[in-house]
Each structure stands twice: as structure tokens, then as C-alpha cells.
Amino acid sequence: MKCVALIWFLPWLARVSCSTNYASLFTDVVDFSWSRFWVTSKSSWSENDKCLNNFEYPSVWDQAVAGKMIADSVNAANIDLVIANLKDYLNSDNWFSSSTAKDNDVYMDDNAQVLWVLLDSYKYAGNVDDLELAKKLMSNLMNQEASGGGVYWKLNAPYVASISTAESALAATRLYQVTQDQSLLEFASKQVNWLLDNLQDSSDGLIYDGINSKTGAVNKGKLSYSVGVMVSTLAYLNSFTGESDYYDKATKLVNSALNKKGAFYNSDGTWNNPMYYSHLLFTGISDLITIATATSKSQDTYYQSLISEVNTQAQNIIKTYQVSTNNFVDNISSFKADSSNYCDGKPIGNLLQSASAAQIFYAMSKIGS
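For the record, in the sequence shown the residue sitting at position 104 is 91 according to the working numbering, with numbers rising by one throughout.
As C-alpha cells, this is what we get:
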């Protein structure tokens, strides 16, 4: 496919060479996902491929990732549909439960991702009610701040996760973009600084998974989505405040994530996190390049190196996870080895994987390909 560079806002991107039209691929994966997982009779996504004739409501996390995919497509009619579907999870306290039970099984990272979709509904479909709901949800998230900083991962539980903290901070910056409420920037800045002070591994610059607020025990696992969301948040903070410190922190995180001897790489130079984590690292790097305000010549060269690396990783996504045209699964090799993964002779799709792949290609389409 011919490479299309979106260079109207960053002219230096014209120098990027590539072979994949990521914008077209994004659209194709969105269309595939809609055709295979949106069930019109239920007005809902299904966790299962429609060919199985076994409808099942997805988790709200899957809903949020799929909803962001649709929001990025800027299809107002479909945005309205997925927002209505998301509200099947909304409980009386303005939390989105993990299931349609609308109970108190509530996770802050899921709700932050839902908030992103609500904001897009307002921006792209003009739904004022969704902006008001986003404000209420943001208030809920801010009230889940632990003593001293950090955002609890689950309602009524002591674990403070890096992902719930980072995604809540990113939700605050995106809401600020609409409302200009300064307290949102203050909240976001406090959370990213708390994360870097308390959960950053000084040995490699990456972010630990979280900490138990009661015992102080740190979970030293590291996942790429925490870094990606942090980079996005720092890019927005840099853009809104003009403070270079946010940019410097973002680039240090990116450099740590792209250390080929580090935690996120396989021995063959490919990223080792699944797409439902890594899509947010792609997005973070894309946001750094397109949102942060730094524009010096040295950063121009730096951006070129980032684009080259994420393009390599995106090509590996296509090679490793695309089992058939526009259909992305956990792993092609293991998938093909199991005959139960086929329905009517076709590979069964995976909603979360497809939506994650779509977001990867959307992020890539913004940085020159």
C-alpha cells in the first residue's frame, strides 16, 4: 500500500519513509470490528464474534477500548450508538461498573477510559449530556485519590495502581481541554509527579504497577500502558502550560520504554506486551510528537528516530497478530494451531484485540504514515 504522510501540521514528517497506509488500515479494522461484533438487535457490542451466534456483553474495559476506536473514526451516528451501549453499565452513583449488573464492581482505569469516549462524544457528535456525565465521572475519579497522591485501582480497595493514576490524570487533561478548569491541570500534575516520585524504578526509568496503600508493598511488575498514558498526560501538560519539565519527563520515559535491553522488548527486538497494553504506548509516543510544544532541530531528529521505531513495531503487529485481512488476534501461530478458533471456515475475531489494533493504526496515522 502507498504510504500517506499527514504533514500539514508537521512538515518535517514528509521525510518519513514507510510502506503502510495506516489511516486506511485503521478504517478497515474499524469496519471489520463493526461488522463482526456490533449486534444491531441488541444495540450492543458482543464479546463473541457474531458467527458464533453466542451473544455476550463485553466487560466495560472492552467497551471503552472499542468505543474509543469508534470515536476516533468520527462517525457521529456510531458514536451515539456506542455511548448508549456504554450507559448500560452506568450505576446510580455515576460509576461505570465492569458489567451490566451496574453494581459496585468498579475500576478507576476503566472509568477513565470511558471518560475519554464521553469527551469524544461531545467533541465529535455534539452530545452536551455526555460532557456533563464526563464532569461527574471526573469528580468521582478525583475523589478516589489516596492520601498524598495516586488513584485507587478499584472501588473500596487499598491498591493504588499506576494505570488508574495515569489514566485519571490523562482524563483530567482532556477534560481541561474542553472546560479550561485549572483544578484539572493541578490534579493531573499532582498525579504524574506522585507516580514519578513513588513508583518509578530508578534503575531503568520505568513505572511499577502499583502499591498497597495499607501495607506499603509495591508490585514491581511493569507494563507498557502505564508508560504510554504517562507520556500522553505529560505531552498535554507541556502543551497547556508551556513548561519544558513535562516534556523532559515524557522523553525520559519514552527513552526508557524503547531501551531494547529493557523490560518491554523480546530478544528479537519486538515489543513483548500484548496489544491491549501496547496500543497506549503507541498513542503516548504519537501524542508526544503531535501535542507537545517542543520543536527544535535536535528534537526533529529525535522524532524521526521514534517514528522509525514505532513503525517497526507496528509492522510486527501486522505480521504477528493479523490472522486474516483486518482480523487481529492474540497470536497467529497459536491461533492457527487450534481448530476451535474457526467458525464457518473463517478465523474467529477478538473484539479487544481488534479495537487495540485499530488504535495502534490510528496513532501511527497521525505521525506520518
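All C-beta atoms in this analysis are idealised placements derived from N, C-alpha and C, irrespective of residue type, glycine included.
- Taking the C-beta atoms as reference points, A58 is found nearer than 8 Å to D107.
- Linking S31 to K247 through their CA atoms gives a straight-line distance of about 41 Å.
- Straight across, the Cα-Cα distance linking L183 with I194 is about 8 Å.
- Rounded to whole angstroms, T238 and D287 show a C-alpha spacing of 13 Å.
- Residue pairing by DSSP places W25 opposite W32 in a beta bridge.
- Distances from the CA of L339 to each of T7, V16, S11 were compared; the closest alpha carbon is that of V16.
- Within the segment 86 to 167, the beta strand (DSSP E) runs of at least 3 residues that lie entirely inside it are, in chain order, 146 to 148.
- With fewer than 16 other Cβ atoms inside 10 Å of its own Cβ, S79 counts as exposed.
- Proximity of the segment 218 to 233 to the segment 96 to 103 falls short of the contact definition, fewer than three beta-carbon pairs being nearer than 8 Å.
- The continuous alpha helix (DSSP H) containing N225 extends over residues 211 to 228.
- By the neighbour-count criterion, in which a residue is buried when 16 or more other Cβ atoms sit within 10 angstroms of its Cβ, D274 is buried.
- If you draw a 10 Å sphere on the C-beta of T270, you find 16 or more other C-beta atoms in it, and that means buried.
- Around the Cβ of Q169, a 10 Å sphere holds fewer than 16 other Cβ atoms; the residue is exposed.
- I347: member of the alpha helix (DSSP H) spanning 338 to 352, first to last residue.
- The three-state secondary structure of G54, taken from DSSP, is helix.
- Less than 8 Å separates the beta-carbon of V241 from that of I272.
- The shortest CA-to-CA distance from K306 to any of A344, I335, Y289, T280 is the one to A344.
- The Cβ atoms of Y308 and M262 sit closer than 8 Å to each other.
- About 13 Å separates the beta carbons of L118 and A158, which is beyond the 8 Å limit, so they are not a contact pair.
- For G271, the enclosing alpha helix (DSSP H) begins and ends at 262 to 278.
- Per DSSP, N72 is one residue of the alpha helix (DSSP H) stretching across 63 to 73.
- Distance from the CA of V52 to the CA of N303, rounded to the nearest whole angstrom, comes to 21 Å.
- Under DSSP, P334 takes part in a beta bridge, and its partners are Y329.
- In the three-state reduction of the DSSP assignment, W181 falls in the helix class, which pools H, G and I.
- The beta carbon of F251 sits closer than 7 Å to the beta carbons of S211, A244, W258, N259, N260 from its chain, once the five residues preceding and following it are set aside; these are given in chain order.
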